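Report on the structure given below.
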Amino acid sequence: MTMLRSLYSKINFTQPPPIVRHLPTSLGFLAAVVLTALVPDLEFTSMPALLAGIGAMAVSVILAILLTAVPSLRHLVILVPIVDFLAIGALRAATGGSSSLFSALVILPVLWFASERGRRYILLAGIGTSVALMMPFILGVSRMEVASDWLRGIISPIVFAMAAAIVNELARQGRIRTKRVRDLAEERDVMLRGAVDYAERLEENEARLRLADQLTRSVLDAVTEQSVIGSDVTGQIDVWNPGAERMLGLAAPETIGKRFMHEFHVAAELENRSKELNYPPGETVLNPGFSALVESARLGVPEVLQWTYVRADGTTLTVEVAVTRRTNEDGRTTGYIFVGTDVTQALEVSRLKDEFVGLISHELRTPLSSILGYLELMRDDDDNPLSEEQCSTLALPSATLTACSDSWATSSSRPKSDPALLLSKPPISTSAPSFGRHSSRLAPLRRTREFESAPMCSKTT
Amino acid sequence: MTINAPADVRVVIADDDPDIRTLMAIAVRKAGFTLVAEAADGTHALEYVTQFSPDLVVLDVSMPGRTGLEVASAIRADAALASTRIAILSAGVGELAVQAGVGAGANAYLTKPFSPRDLASKLAEIMQ
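In order, the protein sequences belong to chains A and B. If you use this note's numbering, the first sequence corresponds to residues 1 to 461, in order. If you use this note's numbering, the second sequence corresponds to residues 1001 to 1128, in order.
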């Protein structure tokens, strides 16, 4: 039983091998021979015909086995039912001729022919049937005595041929359906493979994106001394790094998608800047203040300005903010990035430095005025008790100190750290006095050691 | 008031340092102007200016009482002193200091140290 199941599972019923296709015919033939031999009312009427039939069936079985074993000879498979027709015809002749009980066996090779691809097999099935039915007369076992004898060789084959035609058509349609199903199955397989490939690619891309996102996030998270804030074109915040959290006192979930960039600025500063830029419409017409903030970056020019940030608790801090534009693959602006550096401490240091330099300058310049002024008076006096060389000896260090003081003052006043000055042009005209010329005038003084009163800087309006 | 000669120019000077005041006075005289008052602090300087309505005021910035800048602003706020010229003479040389002086209404911003001779010529230039 197990062996039969195993055999059954190995058989391909879509395209069965010749031995399987031949099995019903050979078994039917065997059953007919056995029945005739065993049943008393049945008898073999011609032993030569029986032997011929058994021989033909043996040939047919051997052919079926051979063609099953050697697939390269499979094109000769049609020989099997041809020989079957001969074997069944001989059996019919051996079991009573036209009155044989086993004439119906001829249907089996007819079905074989009918199931083959092509209409010609319908004709072959008819001819084969005719040969099988006429075999008693061909072998000389029976004689044609009435018209029905030869008519049987015509009418029955026609009927069998019609049955073969129907089976042939059904088989053709079955093959077409099978092909369609197979094509659909292949198509489904291709689509499935495509879907699997797509899913794999998607997974790879997701992994890459996750990696890139992690990299960007890690870089942003590592920046703790600068605030890195991103916004869309309307100013709504979509990036908020730990530096921004530290600087402005709000965590990312409290700001991303909920707050706007201009909310962290002093409204008056934005208004002033808007006024300077003649209220640029930009891409954020709903928010003129934000437009002023990003106008330069919007036009493609990154901008660094000092602004006042307003923390969550309402306190303020001065920051130097670099504003740059974010673009997509098409180069269109998708938002802005604001990188802010807290310069409050730097401004305080600068202010203290200015104060210190101013104090030193004042403390130095006032006594120098007395020294140089009185030296000049002494030189103008005919009764000057000092020689010219002594006067020059006094004047030279005084001039050096003046030059030093000028130098400090110049370096101290160079960086304009006051945000108010940076945001608006100073009212002073460009004809302000130059404070650095003492150094250049000191050189000839050193060469000649000739007294020259320290020059006086002035601005006259 | 019409100024016909340098001697007609009446000057008030103010500085908390007496030596500097002396040098300022010498410069005023070298320019041929008439020194009408010297002040050692801003409060007195403004009193003298109000009292004498001078043609020229030379002010130090860092002084007790009112600073030179405050005195200059007060003078500019007084319509009766509209014609008074103001010269700031300061130890401050930064751009901000100059802006503050000009902003207070000074006609000239002069820096220390100075030569009496140069100061005289500058004052004369201011009054031209």
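From the three backbone atoms N, C-alpha and C, an ideal C-beta is built for every residue, glycine too. Remember, predicted model here, so these are calculated numbers, not experimental data.
What does DSSP give as the partner residue(s) for residue i in the beta ladder?
| i | result |
| --- | --- |
| A/HIS265 | A/TYR309 |
| B/LEU1056 | B/VAL1011, B/ARG1085 |
| A/PHE260 | A/GLN236 |
| A/GLN226 | A/THR341 |
| A/SER99 | In DSSP, A/SER99 forms no bridge with anything. |
| A/GLU303 | A/VAL323 |
| B/SER1090 | B/THR1111 |
| A/SER231 | A/ILE237, A/TYR336 |
Output needed for residue i: all residues of its chain with C-beta closer than 6 Å, excluding positions within five of it in sequence on either side, in chain order.
| i | result |
| --- | --- |
| A/LEU50 | PHE44, ALA94 |
| B/VAL1098 | TYR1109 |
| A/LEU133 | ARG152, GLY153, SER156 |
| A/VAL77 | PRO18, LEU67 |
| B/PRO1006 | GLY1032, PHE1033 |
| A/LEU209 | none |
| A/SER6 | none |
Along the chain, where does the alpha helix (DSSP H) that runs through residue i open and close?
| i | result |
| --- | --- |
| A/TYR334 | Note that residue 334 of chain A is Thr in the sequence shown, not Tyr. Careful: A/THR334 lies outside any alpha helix (DSSP H), inside the beta strand (DSSP E) at 333–342. |
| B/ALA1109 | The amino acid at residue 1109 of chain B is misidentified as Ala; the sequence shows Tyr. Per DSSP, B/TYR1109 belongs to no alpha helix (DSSP H); it is in the beta strand (DSSP E), 1108–1111. |
| B/GLU1070 | 1068–1077 |
| A/GLU204 | 147–222 |
| A/PHE137 | 120–139 |
| A/ALA94 | 79–94 |
| A/ALA58 | 47–69 |
| A/ARG21 | 18–38 |
| B/MET1127 | 1116–1127 |
| B/VAL1028 | 1018–1030 |
| A/GLU475 | A question about residue 475 of chain A goes unanswered here, because the residues of chain A that appear run from 1 up to 461. |
Check whether the Cβ atoms of residue i and residue j sit closer than 7 Å, and answer yes or no.
| i | j | result |
| --- | --- | --- |
| A/LEU368 | A/SER398 | yes |
| A/LEU469 | A/ALA292 | Lying outside 1 to 461, the shown extent of chain A, residue 469 of chain A is not represented and no answer is given. |
| A/PRO18 | A/ALA64 | yes |
| A/VAL228 | A/THR333 | no |
| A/VAL321 | A/PHE338 | yes |
| A/THR366 | B/ALA1091 | yes |
| A/ALA125 | A/ALA114 | yes |
| B/ARG1010 | B/VAL1036 | yes |
| B/ALA1072 | B/ILE1086 | yes |
| A/LEU335 | A/PHE290 | Correcting the residue type first, residue 335 of chain A is Gly in the shown sequence and not Leu. For A/GLY335 and A/PHE290, no; Cβs fall outside 7 Å. |
| A/SER372 | B/PRO1116 | For the sequence presented, residue 372 of chain A should be read as Leu rather than Ser. No, the pair does not count as a contact, with Cβ atoms beyond the cut-off. |
| A/ALA32 | A/PHE137 | no |
| A/ALA312 | A/GLY230 | no |
| A/VAL131 | A/PHE85 | yes |
| B/VAL1058 | B/ILE1013 | yes |
| A/VAL83 | A/PHE160 | no |
| A/LEU364 | A/LEU401 | yes |
| A/SER142 | A/GLY97 | yes |
| A/GLN226 | A/THR341 | yes |
| A/ARG165 | A/ILE122 | The question names Arg, but residue 165 of chain A in the sequence shown is Ala. Cβ atoms of A/ALA165 and A/ILE122: closer than 7 Å. |
| A/ALA90 | A/MET135 | yes |
Hey, quick one: how far does the beta strand (DSSP E) through residue i stretch, first residue to last?
| i | result |
| --- | --- |
| A/ARG325 | 316–327 |
| B/ALA1037 | 1034–1039 |
Apart from the five residues just before and just after residue i, which ones in its own chain have a Cβ nearer than 8 Å to its Cβ?
| i | result |
| --- | --- |
| A/VAL223 | ASN241, PRO242, GLY243 |
| A/MET144 | PHE137, TRP150 |
| B/PRO1018 | ALA1040 |
| B/ILE1126 | LEU1056, ARG1085, ALA1087, ASN1107, ALA1108 |
Between residue i and the rest of its own chain, which residues show a CB-CB distance below 7 Å, the 5 nearest in sequence each way excluded?
| i | result |
| --- | --- |
| A/LEU35 | LEU42 |
| B/ASP1016 | ALA1040, ASP1041, ASP1060, MET1063, PRO1064 |
| A/THR318 | GLN306, THR308, VAL343, THR344, LEU347, PRO419 |
| A/ARG74 | LEU67 |
| A/VAL59 | VAL83 |
| A/HIS262 | GLY235, LEU270, ASN287, GLY289, PHE290, LEU293 |
TODO: Name, going along the chain, the residues of the region 340–370 of chain A whose beta-carbon falls closer than 9 Å to a beta-carbon of chain B.
DONE: ASP354, VAL357, GLY358, SER361, HIS362, GLU363, LEU364, ARG365, THR366, PRO367, LEU368, SER369, SER370
- [ ] Identify each residue in the region 1045–1064 of chain B for which the Cβ-Cβ distance to at least one residue of chain A is less than 9 Å, and report them in chain order.
- [x] ASP1060, VAL1061, SER1062
Task: Within 7 Å of chain B by C-beta, residues of the region 372–391 of chain A in sequence order - done: LEU372, GLY373, GLU376, LEU377
Task: Contact set between the region 1083–1101 of chain B and chain A, restricted to residues whose Cβ is under 7 Å from the partner - done: ALA1091, GLY1092, VAL1093, GLY1094, GLU1095, LEU1096, VAL1098, GLN1099
Task: Residues of the region 1009–1020 of chain B whose Cβ lies closer than 7 Å to any Cβ of chain A, in chain order - done: ASP1017, ASP1019, ILE1020
Task: Contact residues within the region 1106–1118 of chain B, judged by C-beta distance below 9 Å to chain A - done: ALA1106, ASN1107, ALA1108, TYR1109, LEU1110, THR1111, LYS1112, PRO1113, PHE1114, SER1115, PRO1116, ARG1117, ASP1118
- [ ] Taking a Cβ distance cut-off of 9 Å, strictly less, list which residues of the region 218–229 of chain A are near chain B, in chain order.
- [x] none
TODO: Could you name the residues of the region 393–405 of chain A whose beta carbon sits closer than 8 Å to any beta carbon of chain B, in the order they occur along the chain?
DONE: SER398, THR402, SER405
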